[in-house]
Amino acid sequence: MFSLPRAPRGPSPLGNPLVKAVALAAALLAVLPTTALAHAVLLRATPSSSQSLEQAPAQVQLLFSEPLDPVFSQVQVVNAAGQRVDAADSHVDPDDDRLLVCSLQPALPNGMYTVVWRNLSAIDVHPDQGQFPLFVGVPVTQPTVAATGLTTTATPETTFGRWWFYIAASLFGGVLATWKLVLGPAIADTDAAARVHRYAFRLILTGGVLLIVGTLFTAVAQAASAANVPLLQGFGQPLGDLLLRGRFAAIWWPRLGLEVASLLLIALGGIDGLASECALATLPAVLLTSALTSHGAALPEGTAPGIAIDWLHIVGATTWVGGLIALAAVLPVVRGAAPVGPKVVGRFARLALIASLAVLLSGVLQGALEVGSWSSLLTTLYGQFLVLKTVLLAVMLALAGLNEWRRRAPGGLVGLERGVRAELALGVVVFGVAAMLSGTPPTPIS
Ligand code: HEM
Numbered sequence: 161m162f163s164l165p166r167a168p169r170g171p172s173p174l175g176n177p178l179v180k181a182v183a184l185a186a187a188l189l190a191v192l193p194t195t196a197l198a199h200a201v202l203l204r205a206t207p208s209s210s211q212s213l214e215q216a217p218a219q220v221q222l223l224f225s226e227p228l229d230p231v232f233s234q235v236q237v238v239n240a241a242g243q244r245v246d247a248a249d250s251h252v253d254p255d256d257d258r259l260l261v262c263s264l265q266p267a268l269p270n271g272m273y274t275v276v277w278r279n280l281s282a283i284d285v286h287p288d289q290g291q292f293p294l295f296v297g298v299p300v301t302q303p304t305v306a307a308t309g310l311t312t313t314a315t316p317e318t319t320f321g322r323w324w325f326y327i328a329a330s331l332f333g334g335v336l337a338t339w340k341l342v343l344g345p346a347i348a349d350t351d352a353a354a355r356v357h358r359y360a361f362r363l364i365l366t367g368g369v370l371l372i373v374g375t376l377f378t379a380v381a382q383a384a385s386a387a388n389v390p391l392l393q394g395f396g397q398p399l400g401d402l403l404l405r406g407r408f409a410a411i412w413w414p415r416l417g418l419e420v421a422s423l424l425l426i427a428l429g430g431i432d433g434l435a436s437e438c439a440l441a442t443l444p445a446v447l448l449t450s451a452l453t454s455h456g457a458a459l460p461e462g463t464a465p466g467i468a469i470d471w472l473h474i475v476g477a478t479t480w481v482g483g484l485i486a487l488a489a490v491l492p493v494v495r496g497a498a499p500v501g502p503k504v505v506g507r508f509a510r511l512a513l514i515a516s517l518a519v520l521l522s523g524v525l526q527g528a529l530e531v532g533s534w535s536s537l538l539t540t541l542y543g544q545f546l547v548l549k550t551v552l553l554a555v556m557l558a559l560a561g562l563n564e565w566r567r568r569a570p571g572g573l574v575g576l577e578r579g580v581r582a583e584l585a586l587g588v589v590v591f592g593v594a595a596m597l598s599g600t601p602p603t604p605i606s
């Protein structure tokens, strides 16, 4: 459990909104008591590996923390020679979707057996696997295989798919939002208007195409990961199993539909007017599809708060990073038109401040809900990723402050371009860490 930080005495240093946000985030940490499991974690095995059984059981039952996808969840039992001794009837119990069951062949001889399982959470669609020994008529000994455990089964492809999604969503939605709120108003009636408009349109269009490509790739990567086969074998049966039924399909198809619709709106209607506003309005829904399959969707406190917090986080992150992409692309274009650059950056600073506050608050809140204790921050891989993200966020905020100072300094525009690129590069790295975090169970990995 988190302990309450001591309240500061004397005059309040909390004048700055960022300082206020940090203080609020720390206060939230202090009052959040829970630890989330996320992923379908093995809670109980019957029979367990800690007892010597007089005879082989008729069945092995594994109870998990989340509902299981029946197609991609399986348990097998093998003997010391690695031969299967179960009756090949592995299934999710029809009366309890968290229970994975298989029968054993009759009259098994005494010896040590290994129960091997692999599952797919029906909520956050994360696959996991583990194994544990069974001792039949022999004493319990130090097992030759790892005891009951959770192994992260995020593949490099699923992680890459998530990273791609965050960048493409920033390029499409973040740049479009920045165009509407920052660039368009700042460059209207200037010489640079036509060139910036062209640039922004191409960027947004590219982002829309990348978003769709990424969504298609993610389905194949997820199918391969769920079926435990190499990427190319994800095509065919696993992809059909994933996209023709179940929770993943119910989220994936609307995501693809929204992405195609918003790309068409931009391609046909441009980045001004009603069509582009409709395209922008679909983006929160596209980002919601990510939150619906995040760890936040599997919080024991209830899915709605976890999804809402994750959604706020990803909306803030893609708006911030998308704005940085827009700025990095546009600042060199307006270099000759002296007052335009600082004006654009000045308007963006306000948007970035709101977005970064949303990222900070929601990130800390979600981190607290997932890890649940200060010690887990250092002892779990999930916690270590969180610490890394916090450090990177601090550096991004420091760079943002420096960029703001450069904006006001005379002749600081060239340094400002470098500063914006550096902040953007860090954002891209943080997206990579976020992609790894989303595939890592918040519990310790054995
Ligand atoms: C104080 C710093 C931060 C903390 C504590 C934090 C924490 C978190 C947590 C707990 C998650 C949920 C991962 C899961 O599914 O289990 C997450 C996801 C994510 N974070 Fe952060 N984060 C921070 C900063 C950032 C920054 C600076 C960015 C980018 C600008 C960012 C981008 C993301 C993205 C894109 C996701 C994935 C959301 C999704 O897939 O729905 N985070 N973060």
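If you read the sequence shown in the working numbering, its first letter stands for residue 161, the second for the next number, and so on.
Note that CB positions come from ideal geometry on N, CA and C, so glycine has one too.
Around the beta carbon of T540, a 10 Å sphere encloses 16 or more other beta carbons of the protein chains shown; the residue is thus reported as buried. Between the ligand HEM and the CB of I474, the shortest heavy atom gap is smaller than 7 Å. S212 is positioned such that its CB atom lies closer than 8 Å to that of V300. Note on S536: 16 or more other CB atoms within 10 angstroms of its CB, so buried under the neighbour-count rule. Counted as a single uninterrupted DSSP element, the beta strand (DSSP E) harbouring A205 occupies residues 202-206. Spanning the alpha carbons of G374 and W324 requires a straight line of approximately 6 Å.
Nearest in C-alpha terms to L365, of all of W534, A477, W339, V505, is W339. Shown here, T600 sits in coil according to DSSP, grouped into three states, outside any helix or strand. Per the Cβ contact rule, the region 346-353 is not in contact with the region 371-391 (fewer than 3 Cβ pairs under 8 Å). In the same chain as G271, and ignoring 5 residues on each side of it, the C-beta atoms closer than 8 Å to its own belong to N239, A240, V296, G297, V298, in chain order. In terms of side-chain proximity, the C-beta atom of G333 is found no nearer than 7 Å to any non-hydrogen atom of the ligand HEM. A straight line joining the alpha-carbon of D256 with that of S250 spans about 14 Å. Relative to the ligand HEM, the beta carbon of V519 is positioned inside 7 Å of a heavy atom. Residue state for R581 is assigned as helix, using DSSP reduced to three classes.
By the Cβ rule, the region 199-210 counts as touching the region 278-295, because three or more pairs are nearer than 8 Å.
For the pair P502 and R405, the CB atoms are not nearer than the 8 Å cut-off. Rounded to the nearest whole angstrom, the C-alpha separation of L525 and S385 is 29 Å. The closest heavy atom of the ligand HEM lies 7 Å or more from the beta carbon of Q382. Taking all protein chains in view, the Cβ of R322 is crowded by 16 or more other Cβ atoms within 10 Å, so the residue is classified as buried.
In the DSSP secondary-structure assignment, V276 is bridged to Q236, Q291.
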